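Engineer: Right, I'll just put the structure down here and ask away after.
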Amino acid sequence: MITVKQFAFNPFQVNTYVLSDETKECIIIDPGMQGKLEEDELTDYIDANGLKPVLLLNTHAHIDHIVGNHFVAEKYNLQLNTHKDCVGFLTNAAAYADSFGLKIGTVKTIDNFIGEEEVIKFGNSTIQVLYTPGHADGSLCFYSEKDDFVITGDVLFNQSIGRTDLPTGNYDLLQQSIWEKLFTLPDRTTAWPGHGPETNIGFEKLHNPFVAIGKE
Ligand SMILES: [Zn+2]
Ligand SMILES: [Zn+2]
């Protein structure tokens, strides 16, 4: 069974996730730590629970979700896995960091491109990759059918959706991703978003004002 640990880091309060199972292997998703205090918070959790990080994933490459990539990749010798359409955001990460008031040194490049229907494996666990563009090109969600949860990045939030006014944002495409990829999951599926508290798919289908309005 997968344990989901959520942290909120940096001025944008990005949710960083550590997913671990009974083998103690874990994966790190969207490390947003900015500075030593936040880095220590993450590594203290990993140490205290005796976890072994084996993989680094990004839901997408907006600067607030990737500022801690280099730190965890170096510390734990991790490969970065994300969608190929994230490359442009990473190439321009230093400029994005400046404009959003964040600090980034070395930008970790992508080691392995992943996409739709890919299966991520760690410990005894598997995570399915969903391709969900619309908020930003290259956006991925990570779904565990067995443990009934999905990491939704900035695609779907508790009673909100990702903004579409940044480069490569597309409102219609975001609606399509949510309806075709997320709202087809079982209602009981817990959704862990890139910002804010968790929710579930059934609740969002009924109560998310942004998505209901866009329903065809
Ligand atoms: Zn974003
Ligand atoms: Zn975000």
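Everything in the sequence shown is counted per this note's numbering, starting at 608 for the first residue and increasing by one.
Glycine residues also receive a C-beta, built at the ideal position from the N, C-alpha and C atoms.
On a predicted model such as this, the values are computed, not experimentally measured, just so you know.
(1) Give the residues whose C-beta lies closer than 5 Å to at least one heavy atom of ligand 4, in chain order.
(2) Helix, strand or coil: how does DSSP classify THR689 here?
(3) Within 10 angstroms of the Cβ of HIS742, are there 16 or more other Cβ atoms? Answer buried if so, exposed if not.
(4) Please list, in chain order, all residues of the same chain as VAL854 whose beta carbon is under 6 Å from its beta carbon, the five residues on each side excluded.
(5) Does any CB atom of chain C fall closer than 9 Å to the CB of ILE734?
(6) TRP799: which of ILE808, THR759 and GLN620 sits nearest, CA to CA?
(7) Between which two residues does the alpha helix (DSSP H) harbouring LEU663 extend?
(8) Please state the DSSP three-state secondary structure of TYR624.
(9) Among the candidates ASN731, PRO740 and GLU805, whose CA atom is the shortest distance from the CA of THR630?
(10) If distances are taken between C-alpha atoms only, which option among VAL611, GLY776 and LYS659 comes closest to TYR624?
(11) Would you please state the rounded distance, in angstroms, between the beta carbons of THR796 and ILE785? I believe it to be under 8 Å.
(12) Are the beta-carbon atoms belonging to PRO816 and LEU781 less than 9 Å from one another?
(13) Give the single residue among VAL762, GLN766, ASN765 and ASP647 whose Cα lies nearest to the Cα of LYS682.
(14) Would you be able to state if there are at least three C-beta pairs under 8 Å between the region 643 to 662 and the region 689 to 701?
(15) CB VAL674 to CB GLN641, shorter than 9 Å?
(16) Is any non-hydrogen atom of ligand 2 found closer than 8 Å to the C-beta of VAL674, if you look at the structure I gave you?
(17) Any idea if GLY712 is buried or exposed, counting beta-carbon neighbours within 10 angstroms, 16 or more meaning buried?
(18) Looking at the structure shown, is LEU780 part of a helix, part of a strand, or coil, going by DSSP?
(19) By how many angstroms is the C-alpha of ASP651 removed from the C-alpha of GLY821?
(20) In terms of alpha-carbon separation, which member of LEU789, ASP761 and GLU632 lies closest to ASP755?
(21) Of the residues PHE729, HIS814 and THR791, which one's Cα is nearest the Cα of MET608?
Structural biologist: The short version:
(1) Here the bound small molecules are ligand 1 and ligand 2; ligand 4 is not part of this structure.
(2) strand
(3) buried
(4) Look at the range of the chain in this structure, 608 to 823, and you will see that residue 854 is not part of it.
(5) Absent from the structure: chain C. Only one protein chain is present.
(6) THR759
(7) LEU663 -> not in any alpha helix (DSSP H); beta strand (DSSP E) instead, spanning 659 to 664.
(8) strand
(9) ASN731
(10) VAL611
(11) The Cβ separation is near 13 Å, so there is no contact.
(12) no
(13) ASP647
(14) no
(15) yes
(16) no
(17) exposed
(18) helix
(19) Since pLDDT at GLY821 reaches only 46, below the 50 mark, its modelled position is unreliable, and the value read off the structure follows with that caveat. Rounded to whole angstroms, GLY821 to ASP651 spans 42 Å at the Cα level.
(20) LEU789
(21) PHE729
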